[in-house]
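UniProt numbering puts the first residue of the sequence shown at 1, with every later residue one more than the last. Everything on this sheet refers to the single structure shown next.
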Amino acid sequence: MGGETHLSVQELAASLGALPPEFVRSEQDQPGATTYRGAAVPDAPVIDMSEPGFGARMAAAAREWGLFQVVNHGVPSAAVAELQRVGRAFFALPTEEKERYAMDPASGKIEGYGTKLQRDLEGKKTWNDFFFHVVAPPEKVDHAVWPRSLAGYREANEEYCRHMQRLTRELFEHLSLGLGLHGSAMAEAFGGDGLVFLQKINFYPPCPQPELTLGVAPHTDMSTLTVLVPNEVQGLQVFKDGQWYEAKYVPDALIVHIGDQIEQRGIQGGAAPYDGEQGEDADVMADVRGAAGGARRRAAPQAGHGGEPGQVQGQEVQGLPALQDQQAPHVIM
Numbered sequence: 001m002g003g004e005t006h007l008s009v010q011e012l013a014a015s016l017g018a019l020p021p022e023f024v025r026s027e028q029d030q031p032g033a034t035t036y037r038g039a040a041v042p043d044a045p046v047i048d049m050s051e052p053g054f055g056a057r058m059a060a061a062a063r064e065w066g067l068f069q070v071v072n073h074g075v076p077s078a079a080v081a082e083l084q085r086v087g088r089a090f091f092a093l094p095t096e097e098k099e100r101y102a103m104d105p106a107s108g109k110i111e112g113y114g115t116k117l118q119r120d121l122e123g124k125k126t127w128n129d130f131f132f133h134v135v136a137p138p139e140k141v142d143h144a145v146w147p148r149s150l151a152g153y154r155e156a157n158e159e160y161c162r163h164m165q166r167l168t169r170e171l172f173e174h175l176s177l178g179l180g181l182h183g184s185a186m187a188e189a190f191g192g193d194g195l196v197f198l199q200k201i202n203f204y205p206p207c208p209q210p211e212l213t214l215g216v217a218p219h220t221d222m223s224t225l226t227v228l229v230p231n232e233v234q235g236l237q238v239f240k241d242g243q244w245y246e247a248k249y250v251p252d253a254l255i256v257h258i259g260d261q262i263e264q265r266g267i268q269g270g271a272a273p274y275d276g277e278q279g280e281d282a283d284v285m286a287d288v289r290g291a292a293g294g295a296r297r298r299a300a301p302q303a304g305h306g307g308e309p310g311q312v313q314g315q316e317v318q319g320l321p322a323l324q325d326q327q328a329p330h331v332i333m
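Here you go:
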């Protein structure tokens with residue numbers, strides 16, 4: 001790929017006994033000090049997509065939480081497990097092999113393997129490596145950034161993407177109806193069949209002092225939707241009512257995070273106002289962050305991966321009506 005080689009968080013984790021100062025967050029951002037540990041911890045809503053009227057419950061959850069979990073979503077557990085398997089296999093590759101697929105923003109290559117060793121706005125680094133690339137439509141896919149040495153990688157990504165495309169259509173339809181819009185409102189406003197899907201696989205290596213740092217800094221998503229594949233190791237946290245709460249792991253659920261574009265381009269009458277229709281209760285964005293991995297082995301549900309111990313968490317697929325249009329609404333799935 002020609003990208004510049006950088007020490008990854010995965011490599012750094014293998015040689016550390018203590019957390020370097022550049023990873024230590026300010027006290028008001030440290031998860032050990034700011035994660036709510038009270039007796040009654042509220043849970044993000046879990047919505048059963050097989051029940052009648054679930055769109056209204058999605059809309060209510062979006063208004064209150066900015067995210068929700070879905071079950072009976074129709075995505076086969078085997079497809080999720082295979083995606084997680086090939087994701088773990090990628091991060092188990094030798095460093096030199098992963099670097100073959102390194103992203104190179106200086107040359108315009110935004111896809112590929114990268115790390116979060118760059119500093120954020122507060123001058124701190126986050127505990128996270130990632131792999132990011134387009135998965136659909138075929139004419140937008142650059143297979144040069146897909147790992148050719150991993151058996152089943154392409155098949156797993158294409159199979160999972162087909163399920164995400166179907167799920168995206170259903171989420172758009174039922175959220176639209178739940179927000180008082182016509183059923184095709186979001187699909188029409190956010191690109192319809194022109195969506196370009198991307199996938200991001202995040203890797204959080206074991207951390208010597210996870211209470212002091214973050215895998216992902218607090219943020220909202222500059223997207224319409226994000227659909228995350230969680231596992232049994234807690235990581236995602238949600239900011240609500242002045243507190244950070246851990247998102248409870250629900251087996252076989254997917255986490256749907258409402259992004260900036262739904263509010264900015266639709267619900268609050270932005271650039272794409274859903275054919276003039278307006279829903280009520282427009283504040284549907286959530287601030288989220290990701291906790292770093294502890295010193296113990298953190299494995300995804302499917303065993304059998306090699307390399308350094310760690311966790312692959314948060315497969316995402318992102319869709320944009322036009323990949324070149326950075327202002328266009330998009331979906332992360």
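Built from N, CA and C at the ideal position, the CB exists for glycine as well. All figures in this text were calculated on a predicted structure; none of them were measured in a lab.
{"Query": "What residues are listed by DSSP as bridge partners for Trp244?", "Result": "Thr35, Phe239"}
{"Query": "Which runs of the beta strand (DSSP E), 3 residues or longer, sit entirely within the stretch 38–91?", "Result": "46–48, 67–71"}
{"Query": "State buried or exposed for Val41, treating a residue as buried only when at least 16 other CB atoms are found within 10 Å of its CB.", "Result": "exposed"}
{"Query": "Start and end of the alpha helix (DSSP H) containing Gln28?", "Result": "It is not in any alpha helix (DSSP H) - Gln28 carries neither H nor E in the DSSP assignment."}
{"Query": "I need the straight-line Cα distance from Ala62 to Glu246, nearest angstrom please.", "Result": "17 Å"}
{"Query": "Quick check on DSSP: helix, strand or coil for Pro165?", "Result": "Sequence check: residue 165 is Gln here, not Pro. Correct three-state label for Gln165: helix."}
{"Query": "First and last residue of the alpha helix (DSSP H) that includes Gln10?", "Result": "9–13"}
{"Query": "Got a sec, what are the start and stop residues for the alpha helix (DSSP H) Lys200 sits in?", "Result": "It is not in any alpha helix (DSSP H) - Lys200 instead sits in the beta strand (DSSP E) that spans 196–204."}
{"Query": "For Ala59, which residues in the same chain have their Cβ closer than 7 Å to its Cβ, ignoring the five residues on either side in sequence?", "Result": "Leu175, Gly178, Leu179"}
{"Query": "Given Ser8, which residues of its chain have a CB within under 8 Å of its CB, disregarding the five upstream and five downstream residues?", "Result": "Thr95, Lys98, Thr115, Leu117, Asp129"}
{"Query": "Just mark Asn202 as buried or exposed, buried being the case when its beta carbon has 16 or more other beta carbons within 10 Å.", "Result": "buried"}
{"Query": "Determine the DSSP secondary structure at Gln311, reduced to helix, strand or coil.", "Result": "Below a pLDDT of 50, predicted positions are generally treated as unreliable, and Gln311, at 46, falls in that range; no measurement from the model is reported."}
{"Query": "In angstroms, rounded to a whole number, what distance separates the CA positions of Arg169 and Asp48?", "Result": "16 Å"}
{"Query": "In whole angstroms, what is the alpha-carbon distance linking Cys161 and Phe131?", "Result": "16 Å"}
{"Query": "Between which two residues does the alpha helix (DSSP H) harbouring Thr126 extend?", "Result": "It is not in any alpha helix (DSSP H) - Thr126 carries neither H nor E in the DSSP assignment."}
{"Query": "In three-state DSSP terms, what is His174?", "Result": "helix"}
{"Query": "Between the alpha carbons of Pro45 and Ser107, how many angstroms are there, rounded?", "Result": "42 Å"}
{"Query": "Going by CA-CA distance only, name the one from Pro76, Tyr249, Arg154, Tyr113 that's closest to Val135.", "Result": "Arg154"}
{"Query": "Hey, out of Gly259, Asn231, Tyr36, whose CA is closest to Gln243's CA?", "Result": "Tyr36"}
{"Query": "Go through its chain and collect everything with a Cβ distance to Ala156's Cβ below 6 Å, but skip five positions before and after it.", "Result": "Glu82, Leu83, Val86"}
{"Query": "In the DSSP output, what is His257 paired with across the bridge?", "Result": "Leu67, Thr226"}
{"Query": "Alpha carbon to alpha carbon, what distance is there between Glu173 and Ala185?", "Result": "7 Å"}
{"Query": "Only counting the same chain, and skipping five residues up and downstream in sequence, which positions put a Cβ closer than 6 Å to that of Leu16?", "Result": "Pro208"}
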